[in-house]
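Engineer:
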Amino acid sequence: MPLIPIARRAETLQVSEIVRISERARGLAAQGENVISFGTGEPDFPTPPHVMAAAALAMHQGKTTYPPTAGIPELRAAVCNGHNALGGAPVVPEQVLISNGAKQVLSNAFLATLNEGDEVILPAPFWTSYLDMINVVGGRAVVVACGMSTDFKITPAQLREAITDKTRWLMLNSPSNPCGAMYSAAELSALADVLRDHTGVAVIADEIYQHIAYKDFTTFSSVAPDLADRTLTVNGVSKAYAMTGWRIGWGIGPLPLIKTMTAIQGQATSGACSISQAAAVAALNGPQDLLAERLNSFKERRDLVVNALNATGLLTCPMPDGAFYVFPDCRKTFGKKTPKGAVIEDDAGFCAYLLEAEGVAVVPGRAFGLPGHFRFSYAYSPQSLQEGCRRISRVVAALV
Ligand SMILES: Cc1ncc(COP(=O)(O)O)c(C=O)c1O
């Protein structure tokens, strides 16, 4: 029994598998092993120079005091304009909440809306944090497995089946972390049709990878403007503008929800960093050509990795439509023996073998609610991707 007892709501929280693997990889590297990690999901580009210049200017102009809790007006307006340009029911800046990353938007939303036992439909594979955020506020994640046969996407039939009178949210993430799946306009429309029959269910559309899309991106709000009162769109600058450390994300939703989320954030952290908000304004209002350049670079890397992994024969790697992850199926390696005589039993065993045998760190699919796969982030240099894929084909070829 610890001296300071831990609250029940926090007891379920564990160190994430992603962090555990990164730490193990760091430990091996510290012992002199040649480790390559494809574990974390952040762009390897620098933050654009004009964005950094805007931050420096903000500092020198004295924009260093508490910002408004819901965000500075310029940023809320820029977010609003960007959202309205995508179609859907028009929003006003008061419907935008700026937070410390998209992560805090999500956490605010669950805190604001979930009572004990309320359900959130979570199509798997899902970003690991959703599950913990739902659990910690006493909600219940209803995990719906969405395998390769439906391109890792929830179908209208699956959605209908999962809805109960306790369902509060459907969690949609397109393009997706960890598998890069992206919903088409028709697919989103079909899901919206189901929601029209269930007025108590709202949607969180986490579109943080909007700008890393190799096909046409559709925002959920544009296919279902009539559901605007029950749609929370989540986005931010982290992935598109290589600004993970600046911690700026936003939620766009109905006024009463945004007001409550703002009140929660006001007591937790106040407004997001004033300097970062000025930087985010420059990112959104400044030149956008870098998005296409970076997208091209990610696409080349995606193709390199998908081709190399499929060439191993035992791994099946679907071609993702967005984000910077692949989510290969490693089930054909199960039951095979490593050169040391150990039998690969599951995705965690395969990932452990990769790390021990060749120093390649990737994350098992079970961390994302869909075992039998692993997540490989390709936001790394082409050289390390090539070397990593060479090592993976060696370890796969060594299995008997
Ligand atoms: C699907 C998804 N949503 C949200 C986030 C959080 O983004 P932010 O850096 O804005 O908190 C991430 C980051 O990995 C993510 O993958």
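Anchor point for the sequence shown: position 217 equals 311 in this note's numbering, and the numbering is continuous, going up by one each time.
Every residue, glycine too, gets a C-beta built ideally from N, C-alpha and C.
Just so it is clear, the structure is predicted and the values come from calculations on it, not from any experiment.
For L403 versus V375, is the C-beta distance shorter than 8 Å?
Structural biologist: Here residue 403 refers to the residue found at position 309 of the sequence shown. Here residue 375 refers to the residue found at position 281 of the sequence shown. No; because the gap between Cβ atoms is not below 8 Å, this pair is not in contact.
Engineer: Just the Cα atoms here: how many angstroms apart are A203 and L351?
Structural biologist: Taking the sequence shown and counting its residues from 1, one reaches residue 203 at position 109. Taking the sequence shown and counting its residues from 1, one reaches residue 351 at position 257. Between A203 and L351, the C-alpha separation is close to 8 Å.
Engineer: Return the first residue and the last residue of the alpha helix (DSSP H) that D383 is part of.
Structural biologist: If you number the sequence shown from 1, residue 383 lands on position 289. Its alpha helix (DSSP H) spans residues D383 to N404.
Engineer: Quick one, which of T249, P348 and E387 has its alpha-carbon nearest P184's?
Structural biologist: Along the sequence shown, one-based indexing puts residue 184 at 90. Looking at the Cα atoms, P348 is the closest of the given residues.
Engineer: Can you determine whether any heavy atom of ligand 3 sits closer than 7 Å to the C-beta of K197, and answer yes or no?
Structural biologist: With respect to ligand 3, the structure shown offers nothing to examine, as its ligands consist of ligand 1.
Engineer: Taking Cβ positions, are D138 and Y447 nearer each other than 8 Å?
Structural biologist: What you label residue 138 is simply residue 44 of the sequence shown in a count that begins at 1. What you label residue 447 is simply residue 353 of the sequence shown in a count that begins at 1. No, these two residues do not count as a Cβ contact at 8 Å.
Engineer: Nearest to T106 by alpha carbon, out of R118, P381, D226 and Y160?
Structural biologist: Counting from one through the sequence shown, the residue named residue 106 turns up at place 12. When only C-alpha atoms are compared, the closest one is D226.
Engineer: Evaluate the contact criterion for the region 230-240 versus the region 383-396: three or more CB pairs, one atom per stretch, below 8 Å.
Structural biologist: No: the two stretches stay apart, fewer than three of their Cβ pairs being nearer than 8 Å.
Engineer: For the pair the region 122-131 and the region 448-456, tell me if three or more CB-CB distances fall below 8 Å.
Structural biologist: Enough Cβ pairs lie closer than 8 Å, so yes.
Engineer: Are the beta-carbon atoms of G416 and A336 separated by less than 8 Å?
Structural biologist: Taking the first residue of the sequence shown as position 1, residue 416 is located at position 322. Taking the first residue of the sequence shown as position 1, residue 336 is located at position 242. No. Outside cutoff.
Engineer: Using the rule of at least 16 other Cβ atoms within 10 Å of the residue's Cβ for burial, across every protein chain shown, is E117 buried or exposed?
Structural biologist: For the purposes of this step, residue 117 is taken as residue 23 along the sequence shown, with counting starting at 1. Looking at its Cβ environment, which holds fewer than 16 other Cβ atoms inside 10 Å, E117 is exposed.
Engineer: Leaving out five residues on either side along the sequence, give the residues of the same chain with a beta carbon under 7 Å from the beta carbon of V494.
Structural biologist: In the sequence shown, residue 494 corresponds to position 400, counting from 1. So the list reads K430 and K431, once near-sequence residues are dropped.
Engineer: With a 10 Å radius around its C-beta and 16 neighbouring C-beta atoms as the bar for buried, classify N209 as buried or exposed.
Structural biologist: Reading the sequence shown from its first residue, position 115 is the one you call residue 209. N209 comes out exposed.
Engineer: Please state whether the Cβ-Cβ distance between G365 and T163 is less than 8 Å.
Structural biologist: Your numbering for residue 365 matches position 271 in the sequence shown. Your numbering for residue 163 matches position 69 in the sequence shown. It is a contact, given that the beta carbons lie within the stated cut-off.
Engineer: Do T313 and ligand 1 come close, with the Cβ less than 7 Å from some heavy atom?
Structural biologist: Within the sequence shown, numbered from 1, the residue matching residue 313 stands at position 219. No, since every heavy atom of ligand 1 falls outside the 7 Å radius drawn around the Cβ of T313.
Engineer: Compare the Cα-Cα distances from I438 to each of V490, R396 and L464 and report the closest residue.
Structural biologist: Sequence index remark: in the sequence shown, residue 438 carries index 344 (1-based). Of the listed residues, the one whose Cα sits closest to I438 is V490.
Engineer: What do you reckon, is the C-beta of N64 under 7 Å from a heavy atom of ligand 1?
Structural biologist: Because residue 64 is not part of the residues shown, which for the chain are 95 to 494, the question remains open.
Engineer: Does the region 227-234 come close enough to the region 189-208 to have 3 or more Cβ pairs within less than 8 Å?
Structural biologist: These segments touch.
Engineer: Nearest to T258 by alpha carbon, out of E281, C445, Q125 and T293?
Structural biologist: Position 164 of the sequence shown, counting from 1, holds the residue named residue 258. Among E281, C445, Q125 and T293, the Cα nearest to that of T258 is on T293.
Engineer: Output yes if chain B places a C-beta closer than 8 Å to the C-beta of R324; else output no.
Structural biologist: The structure shown contains no chain B; it is built from a single protein chain.
Engineer: If I follow the unbroken alpha helix (DSSP H) through P250, where does it start and stop?
Structural biologist: Indexing the sequence shown from 1 puts residue 250 at position 156. Residues P250 to A256.
Engineer: Considering only heavy atoms of ligand 1, does any lie closer than 7 Å to the CB of D300?
Structural biologist: Against the sequence shown, residue 300 aligns to sequence position 206. Checking the Cβ of D300 against ligand 1 gives yes.
Engineer: Beta-carbon within less than 8 Å of P143's beta-carbon, same chain only, minus the 5 sequence neighbours each way: which residues are those?
Structural biologist: Residue numbering aside, residue 143 sits at position 49 when the sequence shown is read from its first letter. Closer than 8 Å at the Cβ level, and outside the excluded window around P143, lies no residue.
Engineer: Taking just the CA atoms, how far does S223 sit from A149?
Structural biologist: The count along the sequence shown starts at 1 and reaches residue 149 at position 55. The count along the sequence shown starts at 1 and reaches residue 223 at position 129. If you take the alpha carbons of A149 and S223, they lie about 29 Å apart.
Engineer: Any idea which residues DSSP pairs W344 with across the strands?
Structural biologist: Here residue 344 refers to the residue found at position 250 of the sequence shown. Answer by DSSP bridge pairing, in chain order: I192 and N329.
Engineer: Quick one, which of L449, A492 and Y472 has its alpha-carbon nearest T427's?
Structural biologist: Within the sequence shown, numbered from 1, the residue matching residue 427 stands at position 333. Nearest option by C-alpha distance: A492.
Engineer: Starting from the C-beta of S110, find all residues in its chain whose C-beta is less than 8 Å away, skip the five residues before and the five after it, and write them out in chain order.
Structural biologist: Reading the sequence shown from its first residue, position 16 is the one you call residue 110. Counting only Cβ-Cβ distances below 8 Å, and skipping sequence neighbours, we find T222, S223, D226 and A461.
Engineer: Any idea if S277 is buried or exposed, counting beta-carbon neighbours within 10 angstroms, 16 or more meaning buried?
Structural biologist: The residue you call residue 277 lines up with position 183 of the sequence shown. It is worth fixing the name first, because residue 277 is Tyr in this sequence and not Ser. Classification of Y277: buried, given that the 10 Å Cβ count is 16 or more.
Engineer: Note down the Cα distance separating L408 from I342, rounded to an integer number of angstroms.
Structural biologist: One-based indexing of the sequence shown puts residue 408 at position 314. One-based indexing of the sequence shown puts residue 342 at position 248. If you take the alpha carbons of L408 and I342, they lie about 40 Å apart.
Engineer: Would you list the one or two residues that DSSP bridges to E213?
Structural biologist: In the sequence shown, residue 213 corresponds to position 119, counting from 1. DSSP lists R234 and T261 as partners of E213.
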